[in-house]
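**Student:** In UniProt numbering, the protein residues as written are 1 to 87.
Heads up, the beta-carbon is just placed ideally off N, CA and C, and yes, glycines get one too.
Below: one structure in structure tokens.
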């Protein structure tokens, strides 16, 4: 992780968006819009370069954090993921 990079927090939202917040200032830096239903899950990759978002629209999007764009999507009738650390 770049020590000079802004520390971000991702928030899932019922309005189908994902907010990216500067942890130090509390200011919203970006809104990711791709889902059509409420977002219920967000998870950063270990290097913080990617963000995965999951929604009731049965889709998972993978976002490139440097560009702020969706780079992959996965759709299905049942989308779910679990991690051993509870995220």
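Compute the beta-carbon to beta-carbon distance between residue 21 and residue 9, rounded to the nearest angstrom, for a pair I have assumed lies under 8 Å.
**Tutor:** Indeed they touch by this definition, with Cβ atoms about 5 Å apart.
**Student:** Using a threshold of 9 Å, state whether the C-beta atoms of residue 41 and residue 12 are closer than that.
**Tutor:** Yes; because the gap between Cβ atoms is below 9 Å, this pair is in contact.
**Student:** Compute the Euclidean distance between the alpha carbons of residue 51 and residue 17, then round it to the nearest angstrom.
**Tutor:** Approximately 13 Å, taken between the alpha carbons.
**Student:** Short of 8 Å in beta carbon distance, which residues of its chain neighbour residue 73, apart from the five on each side in sequence? Order them along the chain.
**Tutor:** Here the set comprises 34, 59, 60, 61 and 62.
**Student:** Out of curiosity, what's the CA-to-CA distance linking residue 76 and residue 55?
**Tutor:** Each residue's alpha carbon lies about 11 Å from the other.
**Student:** Are there 16 or more other CB atoms within 10 angstroms of the CB of residue 6, so buried, or fewer, so exposed?
**Tutor:** With fewer than 16 other Cβ atoms within 10 Å, it is exposed.
**Student:** So the candidates are 45, 37 and 29; which of them puts its Cα closest to the Cα of residue 15?
**Tutor:** Residue 15 has its Cα closest to that of 37, out of 45, 37 and 29.
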